[in-house]
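Worksheet: the structure to be examined is printed underneath.
In UniProt numbering, the protein residues as written are 1 to 253.
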């Protein structure tokens, strides 16, 4: 494996973050702060606690997960789509860089940026509410798995997309609604029985639930099932990426 090739792609993508700090870091942090102001003040005044945890603290894992999923997808999809758009992708394809090295470089950079953003948002949230992390190592493990999995998913979207509109379709019309309906701002146990059953078909529920358990040891589903679900999603993304490179789909697009 050519480590120099991986480093070149990785550091090039990371340098793009430094050039767009307002968009990459400031914008998600400001959005998170606004969520706390709106949800914490409006809804928090009516819902004091959820399962023994103050409402403001309860929504922290959901807010972080909301930003992680969207930013991981956005970072990875734009990272691979922009070279396609400018035509510089052929320089990568003609260079002595294997498909695995390219994926590690692009996805690794996107996951790293999302992980940094997640930690910044966690620090920002601590300015508004009291946060208790019962299982810090499991929390970090969930963060890493989520960032890598959805960066891979974003990489797939970036290869599939042939215009900038398609880059935004799935994150805006699929991922964001699923996150809002996946227990980010409420517990699924608060829903009527029928809607509790429907919510179980939302894969984001398992991510949010497992991540929240690492904070407060409360969850809508078993933390073991949450881990299995994210590992399954990671495996599916790896399979799709491997298929794309094996069949030459990335060149056809």
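Cβ atoms here follow ideal geometry from the backbone N, Cα and C, with glycine treated the same way.
| Item | Value |
| --- | --- |
| Every unbroken alpha helix (DSSP H) within the segment 48-111, with a cutoff of 4 residues, ordered by chain | 55-58, 60-86, 89-94 |
| Any non-hydrogen atom of the ligand NAP closer than 6 angstroms to residue 7 Cβ | With respect to the ligand NAP, the structure offers nothing, as it holds no ligand at all. |
| Inter-residue Cα distance where the pair is residue 188 and residue 5 | 45 angstroms |
| Residue environment, residue 15, which counts as buried when at least 16 other CB atoms sit within 10 Å | exposed |
| Presumed contact (8 angstroms Cβ cut-off) between residue 233 and residue 203, rounded CB distance | 7 angstroms |
| Status (buried if at least 16 other CB within 10 Å, exposed otherwise) for residue 125 | buried |
| Contact belief for residue 61 with residue 212 at Cβ below 8 angstroms, rounded distance in angstroms | 4 angstroms |
| CB-CB length for residue 227 against residue 65, believed under 8 angstroms | The Cβ separation is near 15 angstroms, so there is no contact. |
| Cβ neighbour criterion (16 or more within 10 Å) applied to residue 121 | buried |
| Inter-residue spacing [alpha-carbon to alpha-carbon] between residue 192 and residue 69 | 27 angstroms |
| Assigned exposure category for residue 13 - 16 Cβ within 10 Å defines buried | buried |
| Three-state class that DSSP yields for residue 171 in the structure shown | helix |
| Residue 133 to residue 151 span [Cα, whole Å] | 25 angstroms |
| Where the alpha helix (DSSP H) through residue 216 begins and ends | 203-216 |
| Sequence-distant residues of its chain with Cβ nearer than 6 angstroms to residue 161 (five each side left out) | 81, 167 |
| Straight-line Cα distance separating residue 173 from residue 195 | 21 angstroms |
| Alpha-carbon spacing of residue 79 relative to residue 85, whole angstroms | 11 angstroms |
| Enclosing alpha helix (DSSP H) for residue 178 [first to last residue] | 176-180 |
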